[in-house]
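Each remark here refers to the structure printed beneath this line.
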Amino acid sequence: RLGGVPILVAQDDADWLARTDPAVQTWKTDLQILPGITLTQPGGHFPGSTVAHWAAGAQGRGVLLSGDTIFANPDRTSVSFMRSYPNRIPLSGTVVQRIADHVSRFEFDRLYNNFRGTVAVGARAAVRRSAERHAAWARGDFDHLT
7 RLGGVPILVA QDDADWLART DPAVQTWKTD LQILPGITLT QPGGHFPGST VAHWAAGAQG
67 RGVLLSGDTI FANPDRTSVS FMRSYPNRIP LSGTVVQRIA DHVSRFEFDR LYNNFRGTVA
127 VGARAAVRRS AERHAAWARG DFDHLT
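FYI, the numbering for the sequence shown is 7 to 152, going by my numbering.
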């Protein structure tokens, strides 16, 4: 047991639970878990894929803790969006734009993913720019280059 600490599970992902427990709480809309720290579900990797926004992070410029919903690329200036990273299955351009629109409601200058990836500055703009690039390639805008 965790001493009464709630286990927060996105409502859209609750079917993945193997068992229930009184500590499990599902949620759907933005959820402030501490002052200035908000969980939100842009979807993508799974319907309930969740990121955390820390408003006071990065000296007040904001931080997005993106897990594997938005993946910081090795260049640290762009990000990727995938349905399945191990299987290299991309998300559609429409879904990627939806994710970018969703997280862009928050102010953030820095992004951390769950595999030590970081966009140290300009992360919000990097998400927007990367989403537009992803959607353009998925649409076939650059097929002439291949």
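Ideal Cβ positions, reconstructed from N, Cα and C, are used throughout, including at glycine.
Any chance you could list the beta strand (DSSP E) runs of at least 3 consecutive residues sitting entirely within the region 109-149, in chain order? 116-119
Between the Cα of residue 68 and those of 43, 102 and 39, spot the shortest distance and give me the residue it belongs to. 43
Please state whether DSSP places residue 66 in a helix, a strand or coil. helix
Distance CB(residue 114)-CB(residue 129) smaller than 9 Å: yes
Rounded C-alpha distance that separates residue 150 from residue 102: 22 Å
Is residue 20 helix, strand or coil by DSSP? helix
Per DSSP, residue 154 is paired with what? Nothing in the structure corresponds to residue 154, since the chain is present only between 7 and 152.
From the DSSP secondary-structure annotation, give me the bridge partner or partners of residue 90. 95
Which of helix, strand or coil does DSSP assign to residue 106? helix
When you compare only the Cα positions, how much space is there between residue 6 and residue 26? For residue 6 there is no data in the structure shown, the boundaries of the chain being 7 and 152.
Starting from residue 11 and walking both ways along the beta strand (DSSP E), at which residues does that stretch end? Premise fails: residue 11 is in no beta strand (DSSP E) and is neither H nor E.
Any contact of the region 22-37 with the region 70-87, i.e. 3+ C-beta pairs under 8 Å? no
I'd like to know whether the C-beta atoms of residue 159 and residue 48 end up nearer to each other than 9 Å. Outside the displayed range of the chain (7 to 152) lies residue 159, so it cannot be described from this structure.
Go ahead and pull the three-state DSSP assignment for residue 32. strand
So the beta strand (DSSP E) residue 59 belongs to, where does it begin and stop? 57-60
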